[in-house]
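Chains V and U supply the protein sequences, listed in that same order.
At position 46 of the first sequence (counting the first as 1) the number is 441 in this note's numbering, and the numbers step up by one without a gap.
At position 71 of the second sequence (counting the first as 1) the number is 72 in this note's numbering, and the numbers step up by one without a gap.
Yeah, the Cβ is synthetic: ideal placement off N, Cα and C, and Gly gets one too.
Here the structure is a predicted model, which is why all the values come from computation and not from measurement.
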Amino acid sequence: MPLLEVEDLITHYYTEAGSVKAADGVSFTVEKGESIGIAGESGCGKTTVAMSIMRLIKGGAVVGGKIRLGELSLLDMPMDDFRKVRWERISLISQAAMGALNPVYTVGAQIVEAIKIHRDCSNKEAWDRARELMAQVKMDPTRAKSFPHELSGGMRQRVMIAMALACDPDLVIADEPTTALDVVTQVQVLRLLIDLQKRLGLSLIYISHELSVLGQACDRIIIMYAGKIVEMGATAEIFTSPMHPYTQKLLSSSMDIHSEIIIPESIPGKPPDLLNPPEGCRFWPRCLVRQNSCEKREPKLVLAAPGHYVACSKLSGDSKED
Amino acid sequence: MEDAYFKVENLVKYFALKKRGQFFGRRIHVHAVDDITFNVEKGKTYGVVGESGCGKTTLARLIMHLEKATSGKMLFKGEDITKYNRSQMKALRLKMQMIFQDPFGALNPVRSILNIIAEPIRVHSLYQGSKEEERDKVREMLEKVGLPITEEMLQKRPNELSGGERQRVGIARALILGPEFIVADEPVSMLDASIRADIISLIMKLKAENDLTYFFITHEFGVARAICDRIAVMYSGKLVEVANALQIVDHPTHPYTQLLIDAIPPLIPDPKWGTNIDIEGEVPYFTEPPPGCRFHLRCPYIMDICKESEPILKEVGSKGHFVACHLR
Chain V
396 MPLLEVEDLI
406 THYYTEAGSV
416 KAADGVSFTV
426 EKGESIGIAG
436 ESGCGKTTVA
446 MSIMRLIKGG
456 AVVGGKIRLG
466 ELSLLDMPMD
476 DFRKVRWERI
486 SLISQAAMGA
496 LNPVYTVGAQ
506 IVEAIKIHRD
516 CSNKEAWDRA
526 RELMAQVKMD
536 PTRAKSFPHE
546 LSGGMRQRVM
556 IAMALACDPD
566 LVIADEPTTA
576 LDVVTQVQVL
586 RLLIDLQKRL
596 GLSLIYISHE
606 LSVLGQACDR
616 IIIMYAGKIV
626 EMGATAEIFT
636 SPMHPYTQKL
646 LSSSMDIHSE
656 IIIPESIPGK
666 PPDLLNPPEG
676 CRFWPRCLVR
686 QNSCEKREPK
696 LVLAAPGHYV
706 ACSKLSGDSK
716 ED
Chain U
2 MEDAYFKVEN
12 LVKYFALKKR
22 GQFFGRRIHV
32 HAVDDITFNV
42 EKGKTYGVVG
52 ESGCGKTTLA
62 RLIMHLEKAT
72 SGKMLFKGED
82 ITKYNRSQMK
92 ALRLKMQMIF
102 QDPFGALNPV
112 RSILNIIAEP
122 IRVHSLYQGS
132 KEEERDKVRE
142 MLEKVGLPIT
152 EEMLQKRPNE
162 LSGGERQRVG
172 IARALILGPE
182 FIVADEPVSM
192 LDASIRADII
202 SLIMKLKAEN
212 DLTYFFITHE
222 FGVARAICDR
232 IAVMYSGKLV
242 EVANALQIVD
252 HPTHPYTQLL
262 IDAIPPLIPD
272 PKWGTNIDIE
282 GEVPYFTEPP
292 PGCRFHLRCP
302 YIMDICKESE
312 PILKEVGSKG
322 HFVACHLR
């Protein structure tokens with residue numbers, strides 16, 4: 396049985412102009428000890444999926460679907476019970492570590508607070524655990540006395556990781572954890588996350604718009620476009636034989652220092668307005684291999700090769716050229 | 002090098018730091034930019050690559066006179082602009098403009114796109130205040146940067162635009178006075194890959210169309226390779242390597258440049274990637290730089306001399322490739 400099961404998740408944000416269908420029928424599973432990446436452009440719904448799992452959606456609501464963690468049905472639980480799941484079983488590392496940390500407490504005190512909220516333990520035990528966590532994220536324990544502004548971006552992100560690990564969660568959701576960091580710091584934090592994930596047997600959902608980063612960190616990759624999953628498969632498959640035209644474009648628009656191509660090609664057009672998403676395939680206005688039927692018929696995510704799912708009429712064969 | 006277009010000589014910027022618990026006593030300074038010299042050739046793009054804290058943004062701000070230099074000189078077309086006062090700088094901004102990293106932070110959220118793009122015209126009292134000419138000019142700029150030329154666009158607020166569109170607005174605003182020298186501070190680093198490629202193409206197109214010269218700051222080597230003719234790598238206030246773009250990417254010579262390039266994740270996953278990178282090191286802020294090479298604390302090839310004497314930039318191997326390292 397998978398650790399986490401997301402089934403037909405639908406999340407809307409409410410605006411004056413109407414509801415934005417930010418996640419529209421998203422289904423996937425995460426196995427125990429597996430790391431799965433979610434990629435896509437800004438606004439594709441990848442963060443919405445993470446926030447839906449954490450029940451932290453603001454200005455909107457999950458309007459449909461199920462999220463199961465083992466036996467627990469997360470969306471149906473009373474909020475008070477869910478608070479025990481959050482942090483103790485699922486924790487979140489967000490992009491903006493500076494915004495997530497309290498500027499007036501030392502980082503050590505904040506890690507201790509995270510431990511004490513969830514664990515019944517003495518101050519001394521909590522501090523011991525905090526130091527152990529800091530060692531795990533390769534931080535000098537003397538830094539426990541530092542305030543967030545005294546630390547570099549990479550160090551702050553390590554504090555966030557330490558806090559996320561404080562209660563031995565089963566699943567860690569990392570939302571663009573290295574995006575705001577420099578290249579060298581990015582490698583350091585990324586390698587740290589990969590090592591911890593393997594060593595502690597964690598499940599990891601890693602969200603990033605950079606495919607190259609996901610390629611290093613994840614066993615499987617989900618590609619999202621305009622609120623839907625368009626492709627899902629093993630990392631190597633996604634990189635070597637991407638099937639969906641959008642995935643192919645996403646790969647060719649990525650900067651690759653080792654490639655002969657100096658300026659990568661861009662994807663013409665822009666994602667659809669999710670207030671009124673077009674019927675049919677959401678990518679067709681930008682798709683170079685579209686068929687007439689793509690405008691009308693919405694492709695389903697189907698198994699195209701072992702473990703490799705794709706939502707494209709052209710590939711899944713449910714289109715008849717007319 | 003006698004008629005360099007933009008020249009920086011021995012530029013230094015120290016920031017005074019107040020240390021906690023030391024009310025009296027010696028002033029401590031952060032050496033943000035420490036004795037930097039370089040030339041930007043007309044019509045070329047000179048890039049500076051480095052991690053946050055290396056001083057690259059301070060360097061850009063010094064050039065734009067948003068910070069005052071501690072010492073050193075800056076010459077624009079042979080004229081010393083280092084000591085320019087406000088009104089001289091205002092006049093110079095007709096020729097020199099800046100594009101910022103965060104298009105949202107740089108744009109006033111309550112003003113319309115029309116007002117944002119037209120502001121430099123108003124500041125410089127051009128077109129005798131003719132609203133009609135001003136509007137025409139803004140429309141022309143919208144077209145140049147690839148935004149729709151509609152009344153709807155002119156009346157939008159920054160929060161109604163996507164990241165890529167905002168950066169286009171930032172570029173339109175920087176170019177509306179018809180400058181020839183553009184200082185760009187990480188203009189594409191907050192954008193998605195596909196939009197980034199678009200903006201890079203736009204920056205290149207505008208350069209060719211308007212005969213621009215760029216001074217370009219980035220932390221990404223891929224972006225620098227795409228845009229720059231020459232690339233300088235900056236570490237802790239110093240330039241450690243300078244060469245032509247393709248040369249430096251294909252043959253990085255300073256251990257720090259090698260580290261920066263090794264740290265870029267390859268597009269095709271490689272399980273060995275990153276395993277040779279030291280997990281602890283960070284760019285230090287030096288209030289008292291250590292003797293010797295500033296990189297020696299992190300350098301995998303450290304020798305005794307590195308702790309004692311500071312290496313200077315010298316030409317190695319191919320022409321125009323400068324490295325400050327005792328190994329070479």
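Nearest candidate by alpha-carbon position, reference residue i, set the options
{"i": "V/Gln-592", "options": "V/Val-480, V/Gly-494, V/Leu-546, V/Lys-427", "result": "V/Lys-427"}
{"i": "U/Val-170", "options": "U/Asn-86, U/Pro-110, U/Ala-244, U/Thr-214", "result": "U/Pro-110"}
{"i": "V/Leu-670", "options": "V/Leu-404, V/Met-396, V/Gly-413", "result": "V/Gly-413"}
{"i": "U/Tyr-215", "options": "U/Asp-271, U/Pro-159, U/Gln-89, U/Glu-181", "result": "U/Glu-181"}
{"i": "V/Asp-651", "options": "U/Gln-259, U/Ala-227, U/Phe-217, U/Asn-160", "result": "U/Ala-227"}
{"i": "U/Leu-213", "options": "U/Leu-176, U/Ile-37, U/Ser-190", "result": "U/Leu-176"}
{"i": "U/Lys-273", "options": "V/Pro-397, V/Asp-570, V/Lys-519, V/Arg-586", "result": "V/Arg-586"}
{"i": "V/Leu-451", "options": "V/Ser-648, V/Cys-562, V/His-407", "result": "V/His-407"}
{"i": "U/Ile-313", "options": "U/Asp-305, U/Ser-319, U/Ala-325", "result": "U/Ala-325"}
{"i": "V/Met-446", "options": "V/Tyr-601, V/Asp-668, V/Met-396", "result": "V/Tyr-601"}
{"i": "U/Ile-278", "options": "U/Thr-288, U/Asp-137, U/Glu-289, U/Pro-266", "result": "U/Pro-266"}
Local conformation of residue i per DSSP, three classes
{"i": "U/Met-99", "result": "strand"}
{"i": "V/Asp-717", "result": "Only weak support is given to the placement of V/Asp-717: the predicted model assigns it a pLDDT of 38, under 50, and the value that follows is read from those uncertain coordinates. Three-state result, V/Asp-717: coil."}
{"i": "V/Ser-422", "result": "strand"}
{"i": "V/Val-567", "result": "strand"}
{"i": "V/Met-396", "result": "coil"}
{"i": "U/Arg-94", "result": "coil"}
{"i": "V/Leu-669", "result": "coil"}
{"i": "V/Leu-588", "result": "helix"}
{"i": "V/Gly-460", "result": "strand"}
{"i": "U/Phe-296", "result": "coil"}
{"i": "U/Asn-11", "result": "strand"}
{"i": "U/Phe-216", "result": "strand"}
{"i": "U/Met-75", "result": "strand"}
{"i": "U/Met-2", "result": "Residue placement at U/Met-2 cannot be trusted, given a pLDDT of 47 that sits under 50; the coordinates are not used to answer."}
{"i": "V/Thr-410", "result": "strand"}
{"i": "U/Leu-127", "result": "coil"}
{"i": "U/Phe-323", "result": "strand"}
{"i": "U/Tyr-257", "result": "helix"}
{"i": "U/Phe-16", "result": "strand"}
{"i": "U/Phe-182", "result": "strand"}
{"i": "V/Asp-475", "result": "helix"}
{"i": "U/Gly-106", "result": "helix"}
{"i": "V/Ala-416", "result": "One point to set straight first is that residue 416 of chain V is Lys, not Ala, in the sequence displayed. Here V/Lys-416 sits in strand by DSSP."}
{"i": "V/Ser-541", "result": "coil"}
Cβ-Cβ distance between residue i and residue j below 8 Å
{"i": "V/Gly-420", "j": "V/Lys-623", "result": "yes"}
{"i": "V/Pro-572", "j": "V/His-544", "result": "no"}
{"i": "U/Ala-246", "j": "U/Phe-323", "result": "no"}
{"i": "V/Cys-682", "j": "V/Pro-694", "result": "no"}
{"i": "V/His-604", "j": "V/Glu-436", "result": "yes"}
{"i": "V/Ser-541", "j": "V/Thr-501", "result": "yes"}
{"i": "U/Gly-238", "j": "U/His-32", "result": "yes"}
{"i": "V/Ile-510", "j": "V/Ala-521", "result": "yes"}
{"i": "U/Thr-46", "j": "U/Phe-222", "result": "no"}
{"i": "V/Ser-557", "j": "V/Val-532", "result": "Correcting the residue identity first, residue 557 of chain V is Ala in this sequence and not Ser. Yes, they are a contact pair."}
{"i": "U/Leu-108", "j": "U/Pro-149", "result": "no"}
{"i": "U/Thr-219", "j": "U/Val-9", "result": "no"}
{"i": "U/Ile-232", "j": "U/Ile-249", "result": "yes"}
{"i": "V/Ala-621", "j": "V/Pro-672", "result": "yes"}
Own chain residues within Cβ distance below 6 Å of residue i, not counting five before or after
{"i": "V/Ile-633", "result": "Ile-616"}
{"i": "V/Leu-487", "result": "Met-449, Ile-568"}
{"i": "V/Glu-402", "result": "Ser-422, Gly-460, Lys-461"}
{"i": "V/Leu-597", "result": "Val-567"}
{"i": "U/Ala-119", "result": "Glu-135, Val-139"}
{"i": "V/Leu-599", "result": "Ser-430, Val-567, Gln-592"}
Nonlocal neighbours in the same chain, by C-beta distance under 7 Å from residue i, ignoring five residues either side
{"i": "U/Leu-192", "result": "Gly-164, Gly-165, Gln-168, Ile-200"}
{"i": "V/Asp-717", "result": "Interpretation of V/Asp-717 is limited by its pLDDT of 38, a score under 50 that renders its predicted location unreliable; no figure is taken from the coordinates."}
{"i": "V/Leu-467", "result": "Val-480"}
{"i": "U/Arg-329", "result": "Thr-254, Val-317"}
Cβ-based neighbour list, residue i, same chain, cut-off 8 Å, excluding 5 preceding and 5 following
{"i": "U/Cys-300", "result": "Pro-256, Tyr-257, Cys-294, Cys-307"}
DSSP bridge partner residues for residue i (one or two, in chain order)
{"i": "V/Ala-700", "result": "V/His-703"}
{"i": "U/Glu-42", "result": "DSSP lists no partner for U/Glu-42."}
{"i": "V/Ile-624", "result": "V/Met-619"}
{"i": "U/Val-111", "result": "For U/Val-111, which the question treats as bridged, DSSP gives no partner whatsoever."}
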